[in-house]
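Chains as they are written, first to last, in my numbering: chain A, 214 to 327; chain B, -10 to 105.
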Amino acid sequence: GENVEQHPSTLSVQEGDSAVIKCTYSDSASNYFPWYKQELGKGPQLIIDIRSNVGEKKDQRIAVTLNKTAKHFSLHITETQPEDSAVYFCAATAPRIGADGLTFGKGTHLIIQP
Amino acid sequence: GAGVSQSPRYKVAKRGQDVALRCDPISGHVSLFWYQQALGQGPEFLTYFQNEAQLDKSGLPSDRFFAERPEGSVSTLKIQRTQQEDSAVYLCASSLGTSGGSYEQYFGPGTRLTVT
């Protein structure tokens, strides 16, 4: 089955700087890669996703890049703000009939220093 | 509109007790998923429903775990004879799309289960 590795486990950046979180996946059939933000005591919130027919996607201060050859995808947050502090999870799935569950990485705790 | 809701938000059970966790998906969403999230870890897939059909239960850790979605809307995850290792947050997610597609999954707030 799919295996997703996520790095780093903790990332501390100064407010206003950029943050980058990286993930690798193992199943070459995976074609959907969402990113979730989870705040303490809440469920994961979908913030951006990318499909395998696209190499990059941007939404305001957030961007995701995908390298299918290397089986690698990354989340980029620019101009970080205190409210960006949270745990971020990458995930992947190789949709098959009857099996759409996501495989998640272990998470990155992003800390924005004022 | 309303998102995914789960109840109860917190549940404390004594070892050996049975528990039932409820999920109300977003109205009209065909697909429903259950995940288990241990402390400090990412969510792990448990089971998947398309309407009322349970199409994938490969992630259920033992036969003490049972899920149903009898009318294709509300779902219940039941854990029988709870053990301490069952302590976790149980997350429900729903998706508009059907099996085989890549559709956004929207999560509820979770139920934190503590087994004492």
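Yeah, the Cβ is synthetic: ideal placement off N, Cα and C, and Gly gets one too.
Exercise. Phe55 (chain B) touches chain A at which residues, Cβ-Cβ below 7 angstroms?
Worked result: As a working note, residue 55 (chain B) is residue 66 in the second sequence. Those within 7 angstroms of Phe55 (chain B) in chain A number zero; the least Cβ separation is about 17 angstroms.
Exercise. Would you say Ser20 (chain B) faces chain A, with C-beta separation under 8 angstroms as the test?
Worked result: Numbered from 1 along the second sequence, position 31 holds the residue referred to as residue 20 (chain B). Chain A contact via Cβ: present.
Exercise. The beta strand (DSSP E) spanning His322 (chain A) covers which residue range?
Worked result: Position 109 of the first sequence, counted from the first residue, corresponds to residue 322 (chain A). 321 to 326 is the span of the beta strand (DSSP E), which, as asked, contains His322 (chain A).
For this session: Look at Phe302 (chain A) and Tyr249 (chain A) and say whether their C-beta atoms are less than 8 angstroms apart.
Result: Here residue 302 (chain A) refers to the residue found at position 89 when the first sequence is read from its first residue. Here residue 249 (chain A) refers to the residue found at position 36 when the first sequence is read from its first residue. Their beta carbons are under 8 angstroms apart, which means Phe302 (chain A) touches Tyr249 (chain A) by this criterion.
Exercise. Comparing the C-beta of Phe286 (chain A) with each C-beta of chain B, is any distance below 8 angstroms?
Worked result: Here the question's residue 286 (chain A) lines up with position 73 in the first sequence. Not an interface residue.
For this session: Output yes if chain A places a C-beta closer than 8 angstroms to the C-beta of Asp75 (chain B); else output no.
Result: Working through the second sequence from its first residue, we reach residue 75 (chain B) at position 86. For Asp75 (chain B), the answer is no, since every Cβ of chain A falls outside 8 angstroms of its Cβ.
Problem set entry | Test: Leu224 (chain A) CB closer than 8 angstroms to a CB of chain B | As a first step, residue 224 (chain A) must be located in the first sequence, where it is residue number 11. It does not: the Cβ of Leu224 (chain A) has no partner Cβ on chain B nearer than 8 angstroms.
Problem set entry | Tyr95 (chain B) at chain A interface by Cβ criterion, 8 angstroms | Against the second sequence, residue 95 (chain B) aligns to sequence position 106. Yes, its Cβ sits closer than 8 angstroms to a Cβ of chain A.
Exercise. Would you say Phe34 (chain B) faces chain A, with C-beta separation under 8 angstroms as the test?
Worked result: Translated into positions along the second sequence, residue 34 (chain B) becomes position 45. Closer than 8 angstroms: yes.
Exercise. Looking at the structure shown, is Asp313 (chain A) part of a helix, part of a strand, or coil, going by DSSP?
Worked result: In the first sequence, residue 313 (chain A) corresponds to position 100, counting from 1. Asp313 (chain A): coil per DSSP, three-state reduction.
Problem set entry | Cβ pair Glu252 (chain A), Ala304 (chain A) closer than 8 angstroms | For the purposes of this step, residue 252 (chain A) is taken as the residue at position 39 of the first sequence. For the purposes of this step, residue 304 (chain A) is taken as the residue at position 91 of the first sequence. Cβ atoms of Glu252 (chain A) and Ala304 (chain A): not closer than 8 angstroms.
Problem set entry | Proximity test, Cβ basis, 8 angstroms: Asp313 (chain A) and chain B | Locating residue 313 (chain A) in the first sequence gives position 100, where the first residue counts as 1. Answer yes: the Cβ-Cβ gap between Asp313 (chain A) and chain B drops below 8 angstroms somewhere.
Problem set entry | Per-residue burial, Leu10 (chain B) [other beta carbons within 10 Å of its own, 16 or more giving buried] | As a first step, residue 10 (chain B) is located in the second sequence; it is residue number 21 there, counting from the start. That one is buried.
Exercise. Listing by chain order, which chain B residues have their CB less than 9 angstroms from the CB of Leu259 (chain A)?
Worked result: Against the first sequence, residue 259 (chain A) aligns to sequence position 46. The answer, in chain order, is Glu93, Gln94, Tyr95, Phe96.
Problem set entry | Inter-residue Cα distance where the pair is Pro98 (chain B) and Ser76 (chain B) | Counted from its first residue, the second sequence places residue 98 (chain B) at position 109. Counted from its first residue, the second sequence places residue 76 (chain B) at position 87. When rounded, the distance between both Cα atoms is 16 angstroms.
Problem set entry | Cross-chain neighbours of Asp7 (chain B) in chain A, by beta carbon under 9 angstroms | Start at 1 with the first residue of the second sequence, and residue 7 (chain B) comes out as number 18. By Cβ distance, chain A contributes nothing, its closest Cβ being about 24 angstroms from Asp7 (chain B), past 9 angstroms.
For this session: Closer than 6 angstroms by C-beta to Phe38 (chain B): which residues in its own chain qualify, once you throw out the five before and the five after it? Chain order, please.
Result: In the second sequence, counting from the first residue as 1, residue 38 (chain B) sits at position 49. Only Leu21, Arg58 meet the Cβ criterion.
Problem set entry | Given Leu259 (chain A) as reference, the closest of A:Val226, A:Glu228, A:Tyr245 once Cα atoms are compared | Taking the first residue of the first sequence as position 1, residue 259 (chain A) is located at position 46. Considering only alpha carbons, the answer is A:Tyr245.
Exercise. In the structure shown, what three-state DSSP assignment does Gln73 (chain B) receive?
Worked result: In the second sequence, the residue the question calls residue 73 (chain B) occupies position 84. Looking at Gln73 (chain B) - three-state DSSP - the assignment turns out to be helix.
For this session: List the residues that DSSP assigns as beta-bridge partners of Arg11 (chain B).
Result: As a position in the second sequence, residue 11 (chain B) is number 22, starting the count at 1. Looking at the DSSP output, Arg11 (chain B) shares a beta bridge with B:Ser(-4), B:Thr65.
For this session: Could you list the residues in the stretch 24 to 51 of chain B with a C-beta less than 9 angstroms from some C-beta on chain A, going in chain order?
Result: Tyr24, Gln26, Gly29, Gln30, Gly31, Pro32, Glu33, Phe34, Leu35, Thr36, Tyr37, Gln39, Ala42, Leu44, Asp45, Ser47, Gly48
Exercise. Given that a residue counts as buried once 16 or more other Cβ atoms are within 10 Å of its Cβ, and exposed if not, what is Tyr(-1) (chain B)?
Worked result: Counting from one through the second sequence, the residue named residue -1 (chain B) turns up at place 10. Exposed is the call here.
Exercise. Looking at the C-beta of Leu80 (chain B), does it have a partner C-beta in chain A at a distance below 8 angstroms?
Worked result: In the second sequence, the residue the question calls residue 80 (chain B) occupies position 91. Yes, Leu80 (chain B) lies at the interface with chain A (some Cβ there is under 8 angstroms from its Cβ).
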